[in-house]
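In this note's numbering, each number is its position in the sequence shown, counted from 1, plus 10.
No residue lacks a Cβ here, since even glycine has one placed at the ideal position from N, Cα and C.
Every value quoted in this text rests on a predicted model; they were computed, and no experiment measured them.
Take a look at the structure set out below.
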Amino acid sequence: MSKLQETDLVMRIMAIASGIVALIEAVLKIMGVQIAIWGWGWIGGAVALLLAILVILLGIKPIHYTPVFLGILGVGIIFFGVLIGGIIVLVATILGAIT
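Listed below in structure tokens is the structure:
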């Protein structure tokens, strides 16, 4: 992990918070409550749940090119129908990229 990403507290806190939001929204999607009108039902919720866990882990212990991985995971979370959590992950990506 690079020293810059290790000290980039804003990106790390935002990634953890967005991962928790995506985690909650994915659980709601599995239970049948969803905000986005697309997605693959409970299967999309389960995949988004796994992606949200990866986002939280990247926030806890960043690796090289963490903003790139956060961007990929954010787009994946949005693709599987977890809208608000995915958008917040993309905001964390932008914050990590500009700092």
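Nearest neighbour of residue i, chosen from the options [CA to CA]
{"i": "W52", "options": "L60, A46, L61, G42", "result": "G42"}
{"i": "I26", "options": "K71, Q44, A107", "result": "K71"}
{"i": "Y113", "options": "T109, I40, I98", "result": "In the structure as shown, the chain starts at 11 and stops at 109, and residue 113 therefore has no counterpart that could be examined."}
{"i": "S28", "options": "I97, L105, I40, K39", "result": "I97"}
{"i": "I30", "options": "I66, I40, A107, L38", "result": "I66"}
6 Å Cβ shell around residue i - same chain, five flanking residues per side excluded
{"i": "A32", "result": "A62, I87, V92, G95"}
{"i": "A46", "result": "G91, L93"}
{"i": "A36", "result": "G55, A58, L59, A62, V92"}
Residue i (DSSP reduced to helix, strand or coil)
{"i": "F90", "result": "coil"}
{"i": "T103", "result": "helix"}
Residues near residue i in its chain [Cβ-Cβ closer than 7 Å; skip 5 each side]
{"i": "W48", "result": "G91"}
{"i": "T103", "result": "P77, L80, G81, G84"}
{"i": "L100", "result": "G81, G84"}
{"i": "R22", "result": "G69, P72"}
{"i": "L6", "result": "Since the first residue shown for the chain is 11 and the last is 109, residue 6 is missing from the structure and cannot be characterised."}
Any non-hydrogen atom of the ligand COA within 8 Å of residue i CB
{"i": "F79", "result": "The ligand COA is not part of the structure shown, which contains no ligands of any sort."}
Please go through the segment 14-83 and give each complete beta strand (DSSP E) segment of 3 or more residues, from N-terminal end onward.
Contiguous beta strand (DSSP E) elements confined to the segment 14-83 do not occur, taking only those with 3 or more residues.
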